[in-house]
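First the structure, in the form of structure tokens, and then the observations on it.
Protein chains in written order, with the working numbering: chain A, 1 to 88; chain B, 1001 to 1654.
Written out as structure tokens, the structure is:
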């Protein structure tokens, strides 16, 4: 039977990170470190802003977008795409 | 030993029952669960049969690890030809039925024919009986389970049942067990109803002998530690699967208003954190439960809190479990509703009727768009104002579909393609489906790999057949290489960017084998590389398999079993009419994926579509990995390699 060599899954366990979330903007996905207990966190790279829920102390997750920021960024993007299409 | 379980062939027309052993060679060829079910379906269902006729079969099974010391070895698989799609019908449920079936001496129950009157099947300690169901027919999912326990005098009986929706042959009715455990999708509950089969009850005290118990326990301790230490499972243990819905809505990956949008705005009330609060308010702080042998405990318990909607439908205080993320899709984003009350009520109703939440939510949302487009009118809806965001109309329609008691409800109960034919007026244009099955509430326009998964899955649009969900995690290349280069070598391209098309066919192919292997073993997908990259996969399973059952297999051999079983499902679909580009039965996406850009969500999701040509290139590469020709048909070489070259001609191995 297989010996004691670590499997891929077991080996990858060491790569887990704590206290951080990944920005949910797909083209960004950079690490964000929320202040302990904070309700929101902003991505310093792309400017997206997220509402934070704490599964337990030291273990944050993104609950959802800060809707106002999300809407503003979405509208800006939509305007850019629309302008590009009109200009094309 | 853990392998000495049997197959029972139950003919409801003649009333005969055959019990057959499962030869070791068959075990090594198909393992069990979904894999062996696929073989039995191919051999026992009459080619071209009416899915709701006596020539179809419905099969109930446990995986080869069911009820062993392996973690979460709880899964039951149900299979037949689908009355919704006319192709592979398949559902997989958690809970406690499969372990009880194994303790009762059986791994697979194959039901064929049709009973002259309602019956149920009673499986206990090596015996199988067909019994009169006059006292339980017509009862809800939970009522019938309690009624059969009372009738047989044993409160520990576990049953796989069809609810009222299955009795009425709603084409997307589920097989259910417990409160909410559902073999959903593809209408296996309707197949039960068509056979006048209300339930299969199981109770057993036959030991499962573990091949190497000490080693199995030691290994499982490590295995369990690996599983519960994963962040994704810790999140599940706190919030249940609704966390997936919340994460997906945050960036704009949810079909909203029947796919007109890809994000539901200001839906804070439906987010998992709020659902969790309601569950805690109604059931107390420790409100999470688990399936047999599982440490993740991802199932919330709740009671429906008072609200005007709950009072109107008479469900205040009703107990249920979940909701799963699929109910958030069905009763929130797809119909454009933003109330947790609606989600909890809808979830309760589908659990009691025994109907697929994904399908009913999707099809009512489709009807809502048809109503707003003027294709359906108030005359068609019997005056119901079937607009998006009308919570009351949504819940009302759930009753009408499950009871088939209005003209529109009866039409929708036939499933999308048949309903579109009856409605006419180009209603099909608005139907979001693959192979006739509605999509999950997710929007795959920004994720080509996930789009390829739903287009090519064997049972129709399906996130549980081959979805490379970890593609969303932006994993480093070296991590992806480690995962996807084993157990079979792969040195082709892989991309960490989930908007890419390159490398995705291999990921979909890899996950297809991974999920089939899990379904053959009979363990939960949350214990493998579905939502977490650090969860066990092929390299970890040989030890679990050997210590529990005594069967020695390499990771590559398990992979080959999975590929063999996936090819049987493919061959079944080909037999039943699959054509690569057929809009109703092919490996294709509906036009909206290609033609209508995403309009909401994170900045770089906006504008996303699936490029038609790139999609075709992905699909062609996926076929190559599978060993299929350019039309998606397994080549003779592939069939020979997998030992399937004589599948049509050979007598059934069981």
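Cβ coordinates follow ideal geometry from the N, Cα and C atoms, glycine included.
{"Asked": "Which listed residue (B:1157, B:1186 and B:1178) has its alpha carbon closest to that of residue 1170 of chain B", "Found": "B:1186"}
{"Asked": "Cβ-Cβ distance between residue 1205 of chain B and residue 1125 of chain B below 8 Å", "Found": "yes"}
{"Asked": "Under the three-state DSSP convention, the category residue 1474 of chain B falls into", "Found": "coil"}
{"Asked": "Pairwise C-alpha distance: residue 1597 of chain B and residue 87 of chain A", "Found": "For residue 87 of chain A, the predicted structure reports a pLDDT of 48, less than 50, and the residue's modelled location is therefore unreliable. The matter cannot be settled from this model."}
{"Asked": "Segment contact, 8 Å Cβ cut-off, at least three pairs: the segment 1499 to 1511 of chain B with the segment 1627 to 1647 of chain B", "Found": "no"}
{"Asked": "For residue 1353 of chain B and residue 1313 of chain B, the rounded distance between their alpha carbons", "Found": "14 Å"}
{"Asked": "Beta-carbon neighbours of residue 27 of chain A, restricted to chain B and to distances below 7 Å", "Found": "1604"}
{"Asked": "Span of the alpha helix (DSSP H), counted from its first residue to its last, around residue 1405 of chain B", "Found": "Unbroken run through residue 1405 of chain B: none, as it is neither H nor E."}
{"Asked": "The segment 1533 to 1553 of chain B: positions lying closer than 9 Å to chain A by Cβ", "Found": "1533, 1534, 1535, 1536, 1537, 1538, 1539, 1540, 1542, 1543, 1546, 1547 and 1552"}
{"Asked": "CB contact check: residue 63 of chain A to chain B, cutoff 8 Å", "Found": "yes"}
{"Asked": "Proximal chain A residues relative to residue 1235 of chain B, where beta-carbon distance stays under 7 Å", "Found": "55 and 61"}
{"Asked": "DSSP-derived helix/strand/coil call for residue 1080 of chain B", "Found": "strand"}
{"Asked": "Run of the alpha helix (DSSP H) containing residue 1422 of chain B, from where it starts to where it stops", "Found": "1416 to 1423"}
{"Asked": "Near-chain A residues of the segment 1005 to 1038 of chain B - C-beta to any C-beta below 9 Å", "Found": "none"}
{"Asked": "Simplified DSSP state of residue 1541 of chain B, which is helix, strand or coil", "Found": "helix"}
{"Asked": "Runs of alpha helix (DSSP H) wholly within the segment 1093 to 1168 of chain B (minimum 4 residues, chain order)", "Found": "1097 to 1103, 1141 to 1152 and 1164 to 1167"}
{"Asked": "Euclidean distance between Cα positions of residue 1106 of chain B and residue 1388 of chain B", "Found": "47 Å"}
{"Asked": "Cβ neighbour criterion (16 or more within 10 Å) applied to residue 38 of chain A", "Found": "exposed"}
{"Asked": "Neighbour flag for residue 81 of chain A against chain B, beta carbons, 8 Å", "Found": "yes"}
{"Asked": "Neighbour flag for residue 1246 of chain B against chain A, beta carbons, 8 Å", "Found": "yes"}
{"Asked": "Contacts of residue 1266 of chain B in chain A (Cβ-Cβ under 7 Å)", "Found": "67"}
{"Asked": "C-alpha distance - residue 1241 of chain B paired with residue 1531 of chain B, whole-angstrom precision", "Found": "11 Å"}
{"Asked": "Span separating the alpha-carbon of residue 1035 of chain B from that of residue 1562 of chain B", "Found": "7 Å"}
{"Asked": "Delimiting residues of the beta strand (DSSP E) encompassing residue 1578 of chain B", "Found": "Note, residue 1578 of chain B: premise wrong, no beta strand (DSSP E); not H, not E."}
{"Asked": "Where residue 10 of chain A meets chain B, residues with beta-carbon distance less than 7 Å", "Found": "1226"}
{"Asked": "Nonlocal neighbours in the same chain, by C-beta distance under 6 Å from residue 1122 of chain B, ignoring five residues either side", "Found": "1129, 1131 and 1201"}
{"Asked": "Residue 1090 of chain B - partner residues in DSSP beta bridges", "Found": "B:1079"}
{"Asked": "Cut-off 6 Å between Cβ atoms - residues of its own chain near residue 1101 of chain B, not counting five sequence neighbours on either side", "Found": "1062 and 1202"}
{"Asked": "Option in B:1270, B:1239, B:1235 and B:1179 with minimal Cα separation from residue 1249 of chain B", "Found": "B:1270"}
{"Asked": "Under 8 Å between C-beta atoms of residue 1600 of chain B and residue 1174 of chain B", "Found": "no"}
{"Asked": "Cβ-based burial, residue 1013 of chain B [other Cβ within 10 Å; buried from 16]", "Found": "exposed"}
{"Asked": "Close-in-space but distant-in-sequence residues of the same chain around residue 1026 of chain B (CB under 6 Å, 5 per side omitted)", "Found": "1653"}
{"Asked": "C-beta neighbour in chain A for residue 1064 of chain B, strict 8 Å", "Found": "no"}
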